[in-house]
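The block underneath contains the structure these notes are about, expressed in structure tokens.
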Amino acid sequence: MIRWLKTLGILIHKEWRLEWRSKELFTLLACNAVLFSVLVGAGVSSAVLDAATTEKIYPMLLWVVFMLSSTTSVTRFNEQELEGRGFEGLLLSGVSGAQMYLAKMVVMTLFFFVSFVLLVLLLALSLDKDVGAVLGALCIVGFGASSALAALLTLLAAVASTSKLKGILLPIISIPVLFPVFLCGMEMTTELVLNGALAEGSPWPLVLLCAQTFYLVAGINLFEMAIRE
Amino acid sequence: MLEIRDVTKTFGALSVLKRLSLSCGSGEVVLLVGANGAGKSTLLRVAAGLSRPDSGTVTHSSERVGFLSHHLFLYGRLSVRENVKLFAAVGSGVGADELVERLELSKVMDRPLAELSKGMQARVGIARAFLSHPDLVLLDEPTSNLDEKGTALLLGEIQRRQFETDGRCTILIATHDLHRMAAVATRVVVLADGRGVADSGSGASAEAIGHVLERYREVNR
Numbered sequence: 001m002i003r004w005l006k007t008l009g010i011l012i013h014k015e016w017r018l019e020w021r022s023k024e025l026f027t028l029l030a031c032n033a034v035l036f037s038v039l040v041g042a043g044v045s046s047a048v049l050d051a052a053t054t055e056k057i058y059p060m061l062l063w064v065v066f067m068l069s070s071t072t073s074v075t076r077f078n079e080q081e082l083e084g085r086g087f088e089g090l091l092l093s094g095v096s097g098a099q100m101y102l103a104k105m106v107v108m109t110l111f112f113f114v115s116f117v118l119l120v121l122l123l124a125l126s127l128d129k130d131v132g133a134v135l136g137a138l139c140i141v142g143f144g145a146s147s148a149l150a151a152l153l154t155l156l157a158a159v160a161s162t163s164k165l166k167g168i169l170l171p172i173i174s175i176p177v178l179f180p181v182f183l184c185g186m187e188m189t190t191e192l193v194l195n196g197a198l199a200e201g202s203p204w205p206l207v208l209l210c211a212q213t214f215y216l217v218a219g220i221n222l223f224e225m226a227i228r229e
Numbered sequence: 001m002l003e004i005r006d007v008t009k010t011f012g013a014l015s016v017l018k019r020l021s022l023s024c025g026s027g028e029v030v031l032l033v034g035a036n037g038a039g040k041s042t043l044l045r046v047a048a049g050l051s052r053p054d055s056g057t058v059t060h061s062s063e064r065v066g067f068l069s070h071h072l073f074l075y076g077r078l079s080v081r082e083n084v085k086l087f088a089a090v091g092s093g094v095g096a097d098e099l100v101e102r103l104e105l106s107k108v109m110d111r112p113l114a115e116l117s118k119g120m121q122a123r124v125g126i127a128r129a130f131l132s133h134p135d136l137v138l139l140d141e142p143t144s145n146l147d148e149k150g151t152a153l154l155l156g157e158i159q160r161r162q163f164e165t166d167g168r169c170t171i172l173i174a175t176h177d178l179h180r181m182a183a184v185a186t187r188v189v190v191l192a193d194g195r196g197v198a199d200s201g202s203g204a205s206a207e208a209i210g211h212v213l214e215r216y217r218e219v220n221r
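Those protein sequences? They're chains A and B, same order as listed.
No gaps in the numbering here: position 120 of the first sequence is 120 in the numbering used here, and each next residue is one more.
No gaps in the numbering here: position 20 of the second sequence is 20 in the numbering used here, and each next residue is one more.
Take a look at the structure:
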């Protein structure tokens with residue numbers, strides 16, 4: 001078990017290094033966050049919505065933008081594996097598909113989370129909304145949703161990676177499957193923004209946990225099948 | 001050892017391997033020869049477990065497989081040092097420094113792999129293939145990007161691996177470079193159209209190997 005975890009740590013370090021060197025995922029996520037926030041801010045501003053309406057639609061806008069930004073940014077996430085077929089080298093060295101999947105998922109979660117925080121702040125700025133009081137709670141929700149998104153998108157990015165249509169295939173197949181994450185994130189954000197805390201007995205954290213567990217189990221078991229010829 | 005039994009592999013309408021069987025014992029160095037499209041590379045990928053056969057079975061006892069092909073199975077954006085360190089760490093690769101020295105890679109350790117010449121990249125590929133101390137080594141056209149020096153280093157590693165494992169390592173080499181690779185072979189198998197059509201047999205003498213290769217050359221003339 002220690003050896004298994006040590007290998008996982010090595011793979012996480014490798015993923016981090018590869019992403020840090022190319023900065024493809026982070027650049028796409030950051031650019032999408034800025035672009036969507038500005039567009040949404042300009043749209044809401046030209047619609048001349050009052051402060052109360054803006055507050056009500058903030059959670060929905062946040063999660064629509066986050067989901068779109070995430071699903072369209074991961075299309076090149078496996079590109080470096082395919083260039084030199086490094087993943088096959090790892091399989092030959094005795095690394096399991098589950099280890100490779102978890103390493104990618106952890107790194108993707110971190111980047112999604114950073115992009116989520118960036119989005120929360122940028123969108124609040126462009127809609128002139130103060131989220132300072134609930135920022136900590138929003139970050140916890142964002143981290144949970146980021147890991148659920150990463151759990152599914154890591155698998156789907158591997159499935160779509162060999163397709164010429166991956167640019168459009170990934171958002172098309174992932175958004176419907178990710179609907180529970182979208183719904184949970186949006187409902188929890190609404191409760192936080194409007195009431196300052198999650199409602200007592202709110203079912204959404206549990207639903208998010210179930211969705212995350214489901215994606216994780218599917219990913220661990222299916223990732224190797226997806227990458228082997 | 002490696003046991004391939006009745007393996008069939010198709011890509012769309014193209015049948016590449018047709019109920020092919022091959023049994024290789026411990027310590028054998030088998031040359032797989034055949035014209036382009038005979039199924040050599042596909043057979044090696046199936047043997048490595050990277051490609052699933054449509055039917056038939058592949059069994060071997062080695063947990064780690066050393067595989068070298070025109071794909072490097074490495075990361076181009078990482079430096080040579082980072083690649084070697086990664087594959088040594090995940091594959092229990094003790095003796096990585098010595099291997100790097102033997103393959104004369106020391107001077108390029110801090111350069112990104114993608115910036116090296118094809119020949120040097122191939123040497124890093126050799127290092128990766130032997131880093132995990134595999135008992136099954138599969139080499140697909142290993143000399144295609146290597147100069148004389150690189151080929152000599154590769155042959156040296158093959159012989160060293162046999163010596164280190166007391167002759168327990170099974171090695172399959174798909175090649176057109178018969179002249180140079182025959183030096184380490186203990187057996188030759190000829191493939192044509194997805195089937196084995198000639199086999200010198202295990203522990204064949206240099207004369208028997210030469211005879212099979214001569215027949216192969218005649219057929220392909």
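Using N, Cα and C, we set each Cβ at its ideal position, and we do this for glycine too.
Predicted model, so just to flag it, every value in this text is computed and none were measured.
If you measure between the beta carbons of L172 of chain B and V30 of chain B, is that distance less than 7 Å? yes
Can you say whether I10 of chain A is buried or exposed, counting buried as having 16 or more other CB atoms within 10 angstroms of its CB? buried
Please state the DSSP three-state secondary structure of P134 of chain B. coil
Residues of the region 74-106 of chain A in Cβ contact with chain B at a cutoff of 9 Å, in chain order, please. Legend: CB atoms of the region 74-106 of chain A lying less than 9 Å from CB atoms of chain B belong to residues Q80, E81, E83, G84, R85, G86, F87, E88, G89, L90, L91, L92, S93, G94, V95, Q99.
For T54 of chain A, I'd like the list of residues in its chain whose CB is within less than 7 Å of its CB, leaving aside the five on either flank, ordered along the chain. Answer for T54 of chain A: V44, L127, K129, listed in chain order.
Return the first residue and the last residue of the beta strand (DSSP E) that A19 of chain B is part of. Residue 19 of chain B is actually Arg in this sequence, not Ala. Run containing R19 of chain B: 14-24, per the beta strand (DSSP E) assignment.
Cβ neighbours of V38 of chain A in the same chain (closer than 7 Å, five flanking residues each side left out): S126
Reducing DSSP to helix, strand and coil, say where A199 of chain A ends up. coil
What whole-angstrom Cβ distance do F26 of chain A and F111 of chain A have, given they're in contact under 8 Å? 6 Å
So if I threshold CB-CB distances at 8 Å, which residues from the region 57-90 of chain B count as touching chain A? E63, R64, V65, G66, F67, H71, L72, F73, L74, Y75, G76, R77, L78, E82, L86, F87, A89, V90
Is the Cβ of I10 of chain A closer than 7 Å to any Cβ of chain B? yes
Using a Cβ-Cβ cut-off of 7 Å, state whether T154 of chain A counts as contacting chain D. You won't find chain D in this structure, because its protein chains are A and B.
Cβ-based burial, C169 of chain B [other Cβ within 10 Å; buried from 16]: buried
Would you say T27 of chain A lies against chain B (beta-carbon separation less than 7 Å)? no
Please confirm if the region 148-165 of chain B is in contact with the region 190-200 of chain B, defined as three or more CB-CB distances below 8 Å between the two stretches. no
According to DSSP, is S96 of chain A helix, strand or coil? coil
Mind checking if T189 of chain A is an interface residue toward chain B, Cβ cutoff 7 Å exclusive? no
Using CA coordinates, which residue listed in B:R5, B:L2, B:I4, B:K9 is at the minimum distance from D193 of chain B? The shortest CA-to-CA distance from D193 of chain B to any of B:R5, B:L2, B:I4, B:K9 is the one to B:K9.
Residue span of the alpha helix (DSSP H) that contains V108 of chain B, given as start and end: Note, V108 of chain B: premise wrong, no alpha helix (DSSP H); not H, not E.
Using DSSP bridges, identify the partner residues of S79 of chain B. The partner list for S79 of chain B (beta bridge, DSSP) reads B:P112.
Complete runs of the beta strand (DSSP E) confined to the region 165-218 of chain B [at least 3 residues]: Counting only runs of 3 or more, we get 170-174, 187-192, 195-199.
Are the beta-carbon atoms of A230 of chain A and N32 of chain A separated by less than 7 Å? Absent from the structure is residue 230 of chain A, since the part of chain A shown begins at 1 and ends at 229.
Using a Cβ cut-off of 7 Å (strictly closer), state whether T53 of chain A contacts chain B. Against chain B, the CB of T53 of chain A has no partner CB under 7 Å away; the residue lies outside that interface.
In the DSSP assignment, find the alpha helix (DSSP H) that holds K166 of chain A and state where it starts and stops. For K166 of chain A, the enclosing alpha helix (DSSP H) has its first and last residue at 166-177.
To which residues does DSSP link K9 of chain B through a beta bridge? K9 of chain B is bridged to B:L17.
Please identify, using Cβ separations under 7 Å, the residues of the region 124-141 of chain B that lie next to chain A, in order along the chain. R128, S132
Nearest-angstrom Cα distance between S147 of chain A and T109 of chain A? When rounded, the distance between both Cα atoms is 5 Å.
Check distances from the C-beta atoms of the region 41-54 of chain B to those of chain A and list, in chain order, the residues that come in under 9 Å. R45, A48, G49, L50, S51, R52
Pick helix, strand or coil for H13 of chain A, following the three-state DSSP scheme. helix
Cβ closer than 9 Å: which chain B residues qualify as neighbours of T7 of chain A? A89, V90
Determine the DSSP secondary structure at D97 of chain B, reduced to helix, strand or coil. helix
S163 of chain A, buried or exposed, once every other Cβ within 10 Å from all chains shown has been counted against 16: The residue in question, S163 of chain A, is exposed, as its Cβ has fewer than 16 Cβ neighbours within 10 Å.
If you pair each beta-carbon of the region 36-55 of chain B with each one of the region 101-110 of chain B, do three or more pairs fall below 8 Å? Result no; under three Cβ-Cβ pairs closer than 8 Å.
Please state the DSSP three-state secondary structure of F73 of chain B. coil
Beta carbon proximity, K14 of chain A to chain B, threshold 7 Å: yes
Indicate the three-state DSSP secondary structure (helix, strand or coil) for T59 of chain B in the structure shown. In the structure shown, T59 of chain B falls within a strand segment according to DSSP collapsed to helix, strand and coil.
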